[in-house]
Structures are given as C-alpha cells and as structure tokens.
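See structure below.
Chains as they are written, first to last, in this note's numbering: chain B, 1 to 416; chain W, 1001 to 1416.
So this is what it looks like as structure tokens:
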C-alpha cells in the first residue's frame, strides 16, 4: 500500500499524520459548538455538512457512537465516500468550504465511553512489574500465559487529550508504616497503552474473528496510575481508586480499516492457548509508540520508544475473552491494551518500570524522575509507517496539576 | 413513625410491602409500552399521567434517571405530591384511572445503570471467605479495617428481577489440574447485597455527609458469581469474567426518604477510621433480608436470614471513598454493598459460605446444594419493619438456565 493522494496538498506532505489513507474520526469545536470531523492533512472536515450519503440521524449528536452502532457496512460506505470526496478533485469546491484548520479548533471526546476495561497483556510489562514486586522467579502470575488478564476500569474518568490531570489524594501505607494516612499520591505514573473501541455490541460468547470485526478503531491511551494508592488497596480485589483519577485518550479514532495494512502476528506461545483464544490470522498491528515528558518550563524529552506489536494478546483476543461469561458488550466500550513495554530498557511503558520501582531515577531534560512531578506534561505519540505515508493518532497529552488543598473534613482532629 | 393511610385500601393491609410510607419507583409495562410508576398497595400508579406538578421532561423517557439527576429538591417535591395524591381522598377519582394492578404488569429496569461498583464490606462475609481460603488467622486482608474495598463491575450485565441467568462458560483450573480448560462454571453462586443508586453526580472529593445526600435510593442486588472462574482469574487484578454474567436488581427503587426512619449506626471500630471516612450520624439501615432457593419443581426454602445493619461500611462511606481519587460519579451509578452476612451460620449471604467452600453441602427442599444447579430459582427478599407497616423492596429473583451448548470454535482439535 502506498500514499493515496488528496487534492488537499497538506495531506500529501511527507510525514503528515493524516493522509487520505488515514481518515481518523474525531469531534471538534471551531467556535460554533461540537461537530463530527475527519482529519485530513492540516485540516478537519465537518463530516455532517458534506454529501456523506448516509442517514442524517447518524450525525445528529456530536459523537461517533451512532455511526459505530450502525455497523461495518456503514463504516465501509462512509470511508469510501470520504475517500472519494477528499481524493477526487471534482469535489474540491463543494468540500473545501467545510474544511477548518486543525490549528484553530478544540478537540473533544470523539465518542461516549460506555464502559472501560483495562488489560495486562504485554509480557515485558508483566515481567518487569512482577520482578519489581515479587522477584524474577515469580514474575508472571500462573494464569498469565493462559488468560488475557483484565479488570474493569472507570468510564467516567476517561478524558480527551489536552485535559489537565490533578494529582489524586488517597490512602497510603508504606511497608514500614504502622497505619495508613490520607495524603496526595507520591508515586503518580503513566501507562502507555492502545485503546480499542467496540463499534457493534454483542450478547453471548463471541469468537476471536467476530470480536475483531466488532472493533471500530483505536486510540492512544494513557492510564494514569497512583502506584502508592494501588499498593495498599489492590489486594484482594484489584486496583480501584489508583486507576480512577483519569485515563487520557488521543482525540482521533484511527479506524481498523486504516490500520489493516499493518497487521502482524502475536508472538510465539510458550504455553498453548485454549482453542477459543487462537487467532485465525494476524491481529496485532505494527504501530510505533513513544512517550515524551516535559518538566514544567523545560523541553520535552522522549523517555520511551516501543511498538504495539510487543503485545502478547491482541484486542480481538481480549474482547473474545471478555464475552466468555456472557458479558454483553456495547457500542462505545473501550478496551485498554495494558501497558506496552518492549524488551529493552528504553522501551518501557511506565515510570514504575523505567525507574525500576523508584530505585533508579531517570534523567529528563536535566532533572531526575522516579515518578511524575507537578507541572510535568506527558505526551504519547503513535504512528504506523507505510510506504511513503504514515497513519498517525495525534498526540495524547496531559499536564499534572498539584493535588487540591486538603479538605477540612479529611483532617485528623488533634488528639491528646 | 406509623402507617400513613391511603384511600387505596390494599396499601393499608397488614404486611403490605408498598404502603403510602414507601412509594418506591419502578418502570412497568401494562401492554402499551414502558412507563414510569410508583408502587402502592397491590397497584402501580402511572406517574407521568397524573398531576405530578413537575416538568414533563423528567418523565419523557421510561427511566428514573432524569428525576434522579434533578436533585433532592425535586425528589422531595415528587414524594410530597404523591403522598397527597394517594393519601388524600379528594384525589381518588382523578388518580384511580391511572392505577394498574401489579399482577398484570411486567416490571422493567427502573433506571439506566451508568457504572456498577461492587464492594466487600460485611465483616462476617470477609472473615468467612478469608477463613475458607487462607485460614482463620489471615482471614481479613490488612487493609480491610481501613478501606471500604471495592472494584468496578460490569454495568451492561445488570438485569431486572425475573430475568433468567444462564450458567457461564469460562477458564477453570483446579489446584490439582495441570492446565486450565474451557468449561461451564461448576461453582455458580449468589451474593446477597443491597445496591445504592447515585442520584446526583459529583466531580472531585465528596464527604460522607455529602455522599449520603447524593444517594437516591436502594434496591436488592444479587451479584451472581462464578467461584471457579474467579479462583483462577482473580490474581493479581481482581474478579473479571467471574462477575460479568449477570447482576440482578429488584424492580423498585426504595428511596432514601422512605428508609430514613430506619437509620442505624455502623458497628464499633476495631481500628480507628481515617477522619475522611467517619460518619456524622447513623448511615446504615435496619433492613431484614432473606434468601429463598427453589430447586426446579420443588418448593422454595429460605436458606439465609440477615440484616443490612451487619455492614461494616455504609453506602455513604463507600461513595465517599469512591471519590477520593477525584473519580467523577454520575447519575445512575450503582454501588453494591458487598455480600451481607451475619454472625450466625444461618445468616450467610452466599452458598460459598453456607456450604463452607463446598465442603458442607446444605439441604434445600430435600436436595443437597453446595452451589447452584440448573433450574434453581433464587429470590432475595428485603423489608424495613416499622410500627404497623413495612417498607418492602419487592422480590429480586432469577432462575439458573443451563450453559449454552459448546460453540465449535472453542473446541479442542483432535491431537495425535
């Protein structure tokens, strides 16, 4: 596959994230309210305003949920129509008036998140975290090579790129402390992930192949994590408040159709998977990922580079497993891949791993970091690299704000 | 507080679940589509059809979410108006035509569940389960006396009373097995809980007192649980598919206002709570609860009797804790109390506890039960008992259907 040319020249420029091959979906506000858009070159097209050939009801709300629910035939028809409108010079005049410069718009949540599930499915990440907490010999939990381990997260805390993230308060208790205390998180972290978005829902068990067909597209996802809150709360029922402050997603839904040329296999299996989890073909994607960290007032430095192909389980496998109990899935469900780490030290998807549990701080733009500091701006980048073109996601960014002042009602009374 | 009399005589009958003091909210279908209703005596009143005195937009959808979002002043106004309409004989003629016999209606989900959180907050339950799995000395996790332990459940799997529940498939691996297998759950269980419904949402941290004021009402809740799926999957990130088959709620939202006369204190604390979790007054309720089990074709037998006052943490404390990280809460969020067990052997809220991990089967209507069998009908009952009246919840019931036949794509290929 090579570059498809658009009459919009910026879409054909080398390195452009949004060529005609991409056509990712978002929601933008150019000053007149939220609208559904598709990114092309350095612009966004107001999709509802052009001759899209579909039922206008699909564009009634500024959110992609209705289109997602309409299913794969509608997804294919819309993509083909937008290719025609933006690729064929005959439509230039009619379409141009509905283009707006990306630099002048605010980007909103591209869809309403129904429920949010997060997984733990990169082997290097699970091995790193397990080694830090339990030692190298017990790094991987016994079920890890058999189950795409997942847990339910909090949909209400999912925000779009650009939203500030306030450092959380929580119950903290270190291994040496006698009792827990209520304090701001001191080990605030990122998690580099890819999010898969369920387009069409399901009732009952769904095969890996059918699960793959349900996925509308992907976003970059940063699952902000309070490691000290997590350490004290997570036994026996898993992370809860440690993961409920915010999860940031990139503003553009990159469709499964745009990523199709970049399919790659999951890695060789050390232990055979049960038949229900086996894949009929390659279901991961070759997507380069990186993490940038800019301390307040300093330049950004890339602190990690990895690839989505490092995953042990694909989103299709995760979604299939999600349905085994009969769990209904719905349009707008968001599945986080789990933190994506590669084998190398420079390919780790969390500061927990980069600083090895805080013991080996990294240097970022001249300052030391074990975990995130107030004022840090964290940005995830991602792109699939084609033959003379790239499929970009747009940045997934957020700045850490200081914790709120302590509310009076949380304070210890003086004791005698 | 004593019985408030209605002109509808069935509401004044001894033992009636729905006297004028109660006025629980539900959604019913008498054959002409779903409508918002309030239960009174042996009838349901079509609330949208009477002179309720509120904005008609609150009744546009057959769901209580809009009323809940409107806040405590609207809740109080509606309750006062319904008391007047159903209590004052002057309204009998105008109101009677909008009453329908409960026996002739289908009851639907009373509200749209935004997100579902489940807790682990009955001390007897946590102690029983901990003793079964880890022995009496390590029964309570170290954090249990400090944190209302919770995890996110799956909102899409919440169903209304009367819905059948199909035995799930899942990955199972017993302690003696070499490898996991994909099979129907063999240890399917109930969990007797009370569900608290968030009426008004929040951003940022909320005190226990403010959290209490956000709660619109309560339902009975059965969190169906696959113990064998849970045993293999739940480390390290908590239960996932074990809890995603179904959660059944009773059809009537019993309001916090109706339950106000039944407030009781949480129990004495063995370990001081952090100040943020301390309660300004009694925030539990004295609600008698019981569990009935009817094997297929046999009579129902009550297998457990307990009380909501057995909880160690109230719903207000749980909701407060839920917000500490800054987690936004929304109208329609559902918080399960966690399984409610009392101190006695006859007061256990799950078969896991009643049969002590399956080792001591109980006898139900002449048959043995360690866990649920296909065809079993399970029903939760609950009521607060006042002076000459009771505040009932309506039954919370479901029948266990056999697992679906095994799909071809989950089968082991023949190996040589």
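In this text, a Cβ means the ideal position worked out from N, Cα and C, and glycines have one as well.
Next on the checklist: Between residue 1166(W) and chain B, is the shortest Cβ-Cβ distance under 8 Å, so that the two count as touching?
Outcome noted: For the purposes of this step, residue 1166(W) is taken as residue 166 along the second chain, with counting starting at 1. Yes, residue 1166(W) counts as interfacial toward chain B.
Item to check | Beta-carbon contacts of residue 288(B) that lie in its chain and below 6 Å, excluding the five residues immediately before and after | outcome: As a working note, residue 288(B) is residue 288 in the first chain. If we look at residue 288(B) and ignore the five residues flanking it on each side, its Cβ neighbours are 307 and 383.
Checklist entry - Taking Cβ positions only, does residue 1127(W) come closer than 8 Å to chain B? => result As a working mapping, residue 1127(W) is identified with position 127 in the second chain. Not an interface residue.
Next on the checklist: Let me confirm a value: residue 1053(W) is counted as buried when at least 16 other C-beta atoms fall within 10 Å, else exposed. Which label applies?
Outcome noted: On the second chain, position 53 is the one that residue 1053(W) refers to. Burial check for residue 1053(W): the Cβ neighbour count within 10 Å stays below 16, so the residue is exposed.
Checklist entry - Opposite residue 428(B) in the DSSP bridges: which residues? => result Since the displayed chain B opens at 1 and closes at 416, residue 428(B) lies outside it and no answer follows.
Checklist entry - Given 8 Å as the limit, is there contact between the region 1051 to 1068 of chain W and the region 1111 to 1120 of chain W, that is, 3 or more CB pairs closer than that? => result yes
Next on the checklist: With three or more beta-carbon pairs closer than 8 Å as the criterion, would you say the region 152 to 162 of chain B touches the region 113 to 129 of chain B?
Outcome noted: yes
Checklist entry - Would you say residue 1138(W) reaches chain B, if we count a Cβ-Cβ gap shorter than 8 Å as a contact? => result The count along the second chain starts at 1 and reaches residue 1138(W) at position 138. Taking Cβ atoms only, chain B never reaches closer than 8 Å to residue 1138(W), which makes this a no.
Checklist entry - Going by the beta-carbon positions, is the gap between residue 341(B) and residue 12(B) smaller than 8 Å? => result Start at 1 with the first residue of the first chain, and residue 341(B) comes out as number 341. Start at 1 with the first residue of the first chain, and residue 12(B) comes out as number 12. Not a contact, by the Cβ cut-off of 8 Å.
Checklist entry - Hey, out of 42(B), 412(B), 179(B) and 149(B), whose CA is closest to residue 7(B)'s CA? => result As a working note, residue 7(B) is residue 7 in the first chain. Here the closest residue by C-alpha is 42(B).
Checklist entry - Beta-carbon separation of residue 378(B) and residue 293(B) under 8 Å? => result By 1-based counting over the first chain, the position of residue 378(B) is 378. By 1-based counting over the first chain, the position of residue 293(B) is 293. A contact, by the Cβ cut-off of 8 Å.
Checklist entry - Where does residue 176(B) land, buried or exposed, given buried means 16+ other C-beta within 10 angstroms? => result Here residue 176(B) is taken as the residue at index 176 of the first chain, counted from 1. Residue 176(B) should be labelled exposed.
Item to check | Run of the beta strand (DSSP E) containing residue 1396(W), from where it starts to where it stops | outcome: Within the second chain, the letter at position 396 stands for residue 1396(W). Per DSSP, residue 1396(W) belongs to the beta strand (DSSP E) from 1396 to 1401.
Item to check | Buried versus exposed, by CB contacts within 10 Å (16 or more), residue 302(B) | outcome: On the first chain, residue 302(B) is found 302 positions in, with the first residue counted as 1. Flag for residue 302(B) reads exposed.
Checklist entry - Hey, does residue 414(B) have any beta-carbon neighbour from chain W nearer than 8 Å? => result Translated into positions along the first chain, residue 414(B) becomes position 414. Interpretation of residue 414(B) is limited by its pLDDT of 49, a score under 50 that renders its predicted location unreliable; the figure taken from the coordinates is listed afterwards. So no, residue 414(B) is outside the interface.
Item to check | Alpha-carbon spacing of residue 1274(W) relative to residue 1205(W), whole angstroms | outcome: One-based indexing of the second chain puts residue 1274(W) at position 274. One-based indexing of the second chain puts residue 1205(W) at position 205. C-alpha separation (whole angstroms): 15 Å.
Item to check | residue 1416(W), DSSP secondary structure in three states | outcome: Against the second chain, residue 1416(W) aligns to sequence position 416. Confidence in residue 1416(W) is poor, its pLDDT being 40 and thus under 50, which makes the residue's placement unreliable; the coordinate value appears in the next sentence. Coil at residue 1416(W), not helix or strand.
Checklist entry - Of all the CB atoms in chain W, is at least one closer than 8 Å to the CB of residue 396(B)? => result Within the first chain, residue 396(B) is the residue found at index 396, counting from 1. Taking Cβ atoms only, chain W never reaches closer than 8 Å to residue 396(B), which makes this a no.
Item to check | Residue range of the unbroken alpha helix (DSSP H) whose run includes residue 1262(W) | outcome: For the purposes of this step, residue 1262(W) is taken as the residue at position 262 of the second chain. No alpha helix (DSSP H) contains residue 1262(W), which DSSP labels as neither H nor E.
Next on the checklist: Is there a C-beta anywhere in chain B that falls below 8 Å from the one on residue 1276(W)?
Outcome noted: Locating residue 1276(W) in the second chain gives position 276, counting from the first residue. Yes, because at least one Cβ of chain B sits closer than 8 Å to the Cβ of residue 1276(W).
Item to check | Within chain B, the residues that residue 1182(W) reaches when beta carbons sit closer than 7 Å | outcome: What you label residue 1182(W) is simply residue 182 of the second chain in a count that begins at 1. By Cβ distance, chain B contributes 274 and 276.
Checklist entry - residue 1339(W) CB to nearest chain D CB: under 8 Å? => result Chain labels in this structure do not include chain D; the protein chains are B and W.
Checklist entry - For residue 1368(W), does the count of other Cβ atoms within 10 angstroms reach 16, so buried, or fall short, so exposed? => result Within the second chain, residue 1368(W) is the residue found at index 368, counting from 1. Residue 1368(W) is exposed by the Cβ-count criterion.
Checklist entry - What are the complete beta strand (DSSP E) segments, minimum 3 residues, inside the region 1125 to 1190 of chain W? => result 1150 to 1152, 1158 to 1160, 1169 to 1172 and 1181 to 1184
Checklist entry - residue 1249(W) to residue 1161(W), Cα distance in whole Å? => result The residue labelled residue 1249(W) in the question sits at position 249 within the second chain. The residue labelled residue 1161(W) in the question sits at position 161 within the second chain. Rounded to whole angstroms, the separation of the alpha carbons of residue 1161(W) and residue 1249(W) is 6 Å.
Next on the checklist: Given this structure, state the Cα-to-Cα distance separating residue 1126(W) from residue 1120(W), to the nearest angstrom.
Outcome noted: The sequence position of residue 1126(W) within the second chain is 126, counting from 1. The sequence position of residue 1120(W) within the second chain is 120, counting from 1. Taking the straight line from one Cα to the other gives about 7 Å.
Checklist entry - So, is residue 1412(W) buried or exposed, given that buried needs 16 or more other C-beta atoms within 10 angstroms? => result On the second chain, position 412 is the one that residue 1412(W) refers to. Residue 1412(W) comes out exposed.
Item to check | Assumed close pair residue 1191(W), residue 1355(W) - CB separation to whole angstroms, cut-off 8 Å | outcome: Position 191 of the second chain holds residue 1191(W). Position 355 of the second chain holds residue 1355(W). That belief does not hold up - the Cβ atoms of residue 1191(W) and residue 1355(W) are roughly 14 Å apart, past 8 Å.
Checklist entry - Between residue 376(B) and residue 401(B), which are expected to be in contact by the criterion C-beta below 8 Å, what is the C-beta distance as a whole number of angstroms? => result The sequence position of residue 376(B) within the first chain is 376, counting from 1. The sequence position of residue 401(B) within the first chain is 401, counting from 1. Not confirmed; about 10 Å, so no contact.
Item to check | Separation of residue 1395(W) from residue 398(B), as counted between CA atoms | outcome: Translated into the one-based positions of the first chain, residue 398(B) becomes position 398. Translated into the one-based positions of the second chain, residue 1395(W) becomes position 395. The alpha-carbon atoms of residue 398(B) and residue 1395(W) are separated by roughly 47 Å.
Next on the checklist: Just to confirm my understanding: we take residue 277(B), look at its own chain, exclude 5 residues before and 5 after, and list those with CB closer than 6 Å. What are they?
Outcome noted: Locating residue 277(B) in the first chain gives position 277, where the first residue counts as 1. Closer than 6 Å at Cβ, skipping near neighbours: 317.
Next on the checklist: Counting only beta-carbon separations shorter than 8 Å, does residue 1390(W) have a partner in chain B?
Outcome noted: Stepping through the second chain from its first residue, residue 1390(W) is reached at position 390. No, because no Cβ of chain B sits closer than 8 Å to the Cβ of residue 1390(W).
Next on the checklist: Please report whether the beta-carbon of residue 176(B) lies at a distance below 8 Å from any beta-carbon of chain W.
Outcome noted: Translated into positions along the first chain, residue 176(B) becomes position 176. Answer no: the Cβ-Cβ gap between residue 176(B) and chain W never drops below 8 Å.
Checklist entry - Taking C-alpha atoms, which residue in 67(B), 212(B), 14(B) and 79(B) lies nearest to residue 22(B)? => result Here residue 22(B) is taken as the residue at index 22 of the first chain, counted from 1. Measuring from the Cα of residue 22(B), the nearest candidate turns out to be 79(B).
Next on the checklist: Which same chain residues end up closer than 6 Å to residue 39(B) when comparing Cβ atoms and leaving out the 5 residues on each side of it in sequence?
Outcome noted: As a first step, residue 39(B) is located in the first chain; it is residue number 39 there, counting from the start. Result list for residue 39(B): 18, 24 and 252, in chain order.
Checklist entry - Taking the DSSP output, what are the residues bridged to residue 1248(W)? => result Position 248 of the second chain, counting from 1, holds the residue named residue 1248(W). DSSP output for residue 1248(W) lists 1159(W) and 1222(W) as bridge partner(s).
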